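Taken in order, the sequence shown gives residues -30 to -1, 1 to 581; the numbers are from mature numbering (1 follows the signal peptide of the UniProt record, and there is no 0).
Ideal Cβ positions, reconstructed from N, Cα and C, are used throughout, including at glycine.
Source: prediction; values computed, not measured.
Notes follow the structure.
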Amino acid sequence: MMRTKRFPKGLTGLVLLLALVAGLAVPAGAATRVEQAKVPPGLAYVVRYEGSLDPALLDLLHQVSKAEALRDAPPDSALLLERRAEEDKAAFAKVFQSRGRFAATVAVSLDSAASPAVLTFAIDPGPQFDLRSVVLKTPDGGDASALPTPERLGLALPSPFAAKAILDAEAKITELLRDEARPDAKVDNRQVTANFADHAVSVVWTVSPGPKAAFGPTSFAGLTTVKESYLAGMIPWKQGQPYDAKGVEAYRRAVNATGLFAAVQVETAAVDPTTGQAPIKVSLTERKHRTVKGGVDYKTDEGPGANLGWEHRNLFGGGEKLAVAGSASGIEQFAEAAFEKPDALTPKDLFKAKARVANEDKKAYKGQNATATASLRRQFTDAVSGGAGLGYRASRIEEDESRPWESDARYGFVFLPVEIGYDGRDDVLDPQKGLLATGSVAPYWGTLSGADNFLRPEFTLAHYLKILEKPGLVLATRAVGGANIGTDSENVTPDLRWYAGGSGSIRGYSYQSVGPMRGKTPVGGASLFTFSTELRWRVTELVGIVPFLDGGTAFGKALPPYDQPIMLGAGLGLRVYTPVGPVRVDVATPLARRQDIDDIAQFYCSIGQSF
């Protein structure tokens, strides 16, 4: 006689969810775990497993076992220990069912005379059941042509039954239907049947696909200072267009990315049967729009430094941002103000204006400069953006080490920056994976006599690869380059020449010390190339260790062939992870130490990853 077993939806949901528990490999074959530790008074015991089990499945049993989890809190009697074992039997049954082992058996024995007592689970996993049949039907048994096929759900027939695959497929049913303009799609019921005669499993879903719909009106709730018109202008659809679930999710991400809200919820209401439209409800919780931030750092070659900033992210109610910042160290002091206005021409356009003044006392030069820029930037996709603008830079160089016979030289340039960027990082402050790439080019025209015209291309490329999840291990690499093309390096104002060395460049070498030199004094180069590689090992949730290697140089020529050697610096860093980002402490040494120029080591301390 054919014997089948059906599981009601509530029970199968619990059974299936157990499949999400991760398993770690242990030695194959007959499995036994015997561990004894110091325990408080009570019936001390060990747990053993008998039977031939898959190592991953055995480890999953270890993880759900209450008897194992409470071994350091032994019960007062054998009866209480047997109760723990009975609870484990029920949990083990769910584990086996989630892996398609519906005929598994578990027998429990307790040797309370032993010291410590021995609790034994004798397990027969039984045969592997296969998924043989998947059916999707409508509640009334009518036309099911709108429902996805098992293949579209990622289910192969036949295949070993796995609960996680069933859960994933069920989530995909509504996802696929909503992508086909059916926002009211829902799964009404799931029925899983195990046939013990031929070890086959069948799954039947009852699905209400709902009608095809168009976008209805959008309403907003929770706004206090942010203008509704600003958020309405960001909507990527028009009322009456076919409903698109991906468009709704893209809009939610865009609103969240403004940084104006602590919570963003975009819901699709039930389709109005009279209009065939699905209203969209946007519920928001605004966050505080003003921020004051500051920090301190220390670098062996630059000395102590401090920075302070203030930011308003919703100046006029339309997401306008005004930021003012200042920084001071032994070699540079600067102040800057930046203004951003989203939705400048279209919802994808961002207007940016920035002004900066600085006083610099560096090894290569001493002087002051001021820069003002205005640009328009467009977000082409979630990751790709580009922009163009206009800027002016004025410099007064009190001392130029490359031209010691000149003093109080003045420079002025009009420049037109054009840039493009790709940001696929998963996190801005502490990326674990993804790619960041930026490129720009700007022609510079001298406005004062004696200033040469030149072209200035620049690029930055950073990649992050997560090697291990636990412990967290990330390989981070970066390359930076640039050049001043069209003039000799000495004819360019020294504050626009290229320099290498220091905390943001080649650690181990002091600031600006890698590249063309006059004796012990850097004079700056016509081009630059540097690279960095870090192995970021997060030992605990709080502490990480980072071995790293940096390299590169500034070249005397803008284009090859080059004559400067590549310099390398290596070191070890410590990261302390905090809610505001990692605190960084690095120690580095030059691998090609130059006599009377390089110290044996450099020390750096700041907030945030090096790149």
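(1) With H, G and I counted as helix, E and B as strand and the rest as coil, what does DSSP make of Ala1?
(2) Would the region 239 to 255 and the region 172 to 187 be scored as touching if the rule is three or more Cβ pairs under 8 angstroms?
(3) Taking DSSP as the reference, what is the three-state secondary structure of Thr548?
(4) Under DSSP, the alpha helix (DSSP H) around Val294 begins and ends at which residues?
(5) Using only the alpha-carbon positions, how far apart do Thr548 and Asp397 sit?
(6) With which residues is Val450 paired in a DSSP beta bridge?
(7) Please decide whether Pro181 counts as near chain B, where near means a Cβ-Cβ distance under 9 angstroms.
(8) Helix, strand or coil for Leu316 per DSSP?
(9) Compare the beta carbon distance of Ala114 and Leu147 with 9 angstroms and say whether it is the shorter of the two.
(10) Tell me whether Thr463 is buried or exposed, calling it buried when 16 or more other Cβ atoms sit within 10 Å of its Cβ.
(11) Using the C-alpha atoms, what's the distance from Tyr221 back to Lys251?
(12) Which of the three DSSP states, helix, strand or coil, is assigned to Tyr479?
(13) Under the three-state reduction of DSSP, which class applies to Asp58: helix, strand or coil?
(14) Apply the 10 Å Cβ neighbour rule to Val266 and answer buried if 16 or more other Cβ atoms are within range, or exposed otherwise.
(15) Once the 5 residues before and after Ser377 are set aside, which same chain residues still bring their CB inside 7 angstroms of it?
(16) Taking Ser103 as the reference, give the member of Ala151, Asn165, Leu80, Ile143 with the closest Cα.
(17) For Gly495, list the residues DSSP reports as bridge partners.
(18) Between the C-alpha atoms of Gly456 and Val236, what's the straight-line distance to the nearest angstrom?
(19) Taking DSSP's pairing of strands, which residues face His282 in a bridge?
(20) Taking only the alpha-carbon atoms, compute the straight-line gap between Glu150 and Pro45 and give it to the nearest angstrom.
(21) If you count every other CB in all the chains shown that lies within 10 Å of the CB of Lys269, and 16 or more means buried, which is it?
(22) Candidates Gly485, Ala305, Thr238, Gly229: which alpha carbon is nearest Thr255's?
(23) Can you give me the Cβ contacts of Ala325 inside the same chain, cut-off strictly under 6 angstroms, excluding the 5 residues immediately before and after it?
(24) Three or more C-beta pairs under 8 angstroms: does that hold for the region 434 to 454 against the region 500 to 509?
(25) Who are the near neighbours of Phe309 in its chain, counting only those whose CB is closer than 6 angstroms to its CB and skipping five residues on each side?
(26) With three or more beta-carbon pairs closer than 8 angstroms as the criterion, would you say the region 559 to 571 touches the region 532 to 548?
(27) Examine the Cβ distances between the region 69 to 77 and the region 45 to 54 and report whether three or more of them are shorter than 8 angstroms.
(28) Using the three-state DSSP reduction, which class does Ser580 fall into: helix, strand or coil?
(29) Are the region 335 to 350 and the region 294 to 303 touching by the rule of at least three beta carbon pairs closer than 8 angstroms?
(30) Since Leu27 is in the beta strand (DSSP E), which residue starts that stretch and which ends it?
(31) Enumerate in chain order the residues of its own chain whose CB-to-CB distance from Pro212 is below 7 angstroms, with the five nearest sequence positions on each side excluded.
(32) Got a sec? Which residues, its chain only, sit under 7 angstroms from Ile205 by beta carbon, not counting five neighbours each side?
(33) For the beta strand (DSSP E) that contains Asn423, what are its first and last residues?
(34) Specify, as a first and last residue, the run of the beta strand (DSSP E) that Tyr200 falls within.
(35) Using the Cα positions of Val262 and Arg545, report the straight-line distance between them to the nearest angstrom.
(36) Roughly how many angstroms lie between the CA atoms of Ala298 and Leu320, to the nearest whole one?
Looking at the coordinates:
(1) On the sequence shown, residue 1 is found 31 positions in, with the first residue counted as 1. Because the pLDDT at Ala1 is just 39, under 50, the model does not fix this residue reliably, and the value given afterwards should be weighed accordingly. If DSSP states are grouped into helix, strand and coil, Ala1 belongs with coil.
(2) Verdict: yes, contact present.
(3) Here residue 548 refers to the residue found at position 578 of the sequence shown. It is a strand residue.
(4) In the sequence shown, the residue the question calls residue 294 occupies position 324. First-last for Val294: 291 to 299, but that is the beta strand (DSSP E), not the alpha helix (DSSP H).
(5) Residue mapping note: residue 548 aligns to position 578 of the sequence shown, counting from 1. Residue mapping note: residue 397 aligns to position 427 of the sequence shown, counting from 1. Each residue's alpha carbon lies about 15 angstroms from the other.
(6) Translated into the one-based positions of the sequence shown, residue 450 becomes position 480. According to DSSP, which records beta bridges pairwise, Val450 is partnered with Thr430, Thr500.
(7) Absent from the structure: chain B. Only one protein chain is present.
(8) Within the sequence shown, numbered from 1, the residue matching residue 316 stands at position 346. In the sequence as presented, Leu is not what sits at residue 316; that position holds Thr. Collapsing the DSSP output to three states places Thr316 in coil.
(9) Counting from 1 along the sequence shown, the entry for residue 114 is found at position 144. Counting from 1 along the sequence shown, the entry for residue 147 is found at position 177. No; because the gap between Cβ atoms is not below 9 angstroms, this pair is not in contact.
(10) As a first step, residue 463 is located in the sequence shown; it is residue number 493 there, counting from the start. Classification for Thr463: buried.
(11) Your numbering for residue 251 matches position 281 in the sequence shown. Your numbering for residue 221 matches position 251 in the sequence shown. Spanning the two alpha carbons is a distance of roughly 12 angstroms.
(12) Residue numbering aside, residue 479 sits at position 509 when the sequence shown is read from its first letter. If DSSP states are grouped into helix, strand and coil, Tyr479 belongs with coil.
(13) As a first step, residue 58 must be located in the sequence shown, where it is residue number 88. Assignment of Asp58 by DSSP, reduced to helix, strand and coil, places it in the helix class.
(14) The residue you call residue 266 lines up with position 296 of the sequence shown. Classification of Val266: exposed, given that the 10 Å Cβ count is below 16.
(15) Counting from one through the sequence shown, the residue named residue 377 turns up at place 407. Contacts found: Glu368, Glu369.
(16) What you label residue 103 is simply residue 133 of the sequence shown in a count that begins at 1. For the options Ala151, Asn165, Leu80, Ile143, the alpha carbon positioned closest to that of Ser103 is the one of Asn165.
(17) Reading the sequence shown from its first residue, position 525 is the one you call residue 495. Beta-bridge pairing links Gly495 to Trp468.
(18) Along the sequence shown, read from residue 1 onward, the residue named residue 456 stands at position 486. Along the sequence shown, read from residue 1 onward, the residue named residue 236 stands at position 266. Each residue's Cα considered, the two are about 53 angstroms apart.
(19) The residue you call residue 282 lines up with position 312 of the sequence shown. Beta-bridge partners assigned by DSSP to His282: Arg260, Leu292.
(20) By one-based count along the sequence shown, residue 150 stands at place 180. By one-based count along the sequence shown, residue 45 stands at place 75. For Glu150 and Pro45, the distance between alpha carbons rounds to 57 angstroms.
(21) Locating residue 269 in the sequence shown gives position 299, where the first residue counts as 1. Counting Cβ neighbours within 10 Å, Lys269 comes out buried, since at least 16 surround it.
(22) Numbered from its first residue, the sequence shown carries residue 255 at position 285. Proximity to Thr255 across Gly485, Ala305, Thr238, Gly229 peaks at Gly229, based on C-alpha coordinates.
(23) The residue given as residue 325 occupies position 355 in the sequence shown. Excluding its 5 nearest sequence neighbours in each direction, Ala325 has C-beta neighbours in its own chain below 6 angstroms: Ala307, Ala342, listed in chain order.
(24) Note that the region 434 to 454 touches the region 500 to 509; at least 3 beta-carbon pairs, one per stretch, sit closer than 8 angstroms.
(25) Sequence index remark: in the sequence shown, residue 309 carries index 339 (1-based). Around Phe309: Leu292, Ala323.
(26) Remark: three or more beta-carbon pairs, one from each stretch, lie closer than 8 angstroms, so the region 559 to 571 and the region 532 to 548 are flagged as touching.
(27) Result no; under three Cβ-Cβ pairs closer than 8 angstroms.
(28) Counting from one through the sequence shown, the residue named residue 580 turns up at place 610. For Ser580, the secondary structure class from DSSP, reduced to helix, strand or coil, is coil.
(29) Short answer: they don't touch.
(30) Translated into positions along the sequence shown, residue 27 becomes position 57. No beta strand (DSSP E) contains Leu27, which is instead part of the alpha helix (DSSP H) from 25 to 34.
(31) Reading the sequence shown from its first residue, position 242 is the one you call residue 212. Closer than 7 angstroms at Cβ, skipping near neighbours: Ala151, Ala184.
(32) Taking the sequence shown and counting its residues from 1, the one referred to as residue 205 is at position 235. Closer than 7 angstroms at Cβ, skipping near neighbours: Thr188, Tyr221.
(33) Counting from 1 along the sequence shown, the entry for residue 423 is found at position 453. Note, Asn423: premise wrong, no beta strand (DSSP E); not H, not E.
(34) Counting from 1 along the sequence shown, the entry for residue 200 is found at position 230. That residue, Tyr200, is in no beta strand (DSSP E); its alpha helix (DSSP H) goes 198 to 202.
(35) To locate residue 262, count along the sequence shown from 1; it is residue 292. To locate residue 545, count along the sequence shown from 1; it is residue 575. Using only the alpha carbons, I get a separation of about 24 angstroms.
(36) As a working mapping, residue 298 is identified with position 328 in the sequence shown. As a working mapping, residue 320 is identified with position 350 in the sequence shown. The straight-line gap from Cα to Cα measures roughly 30 angstroms.
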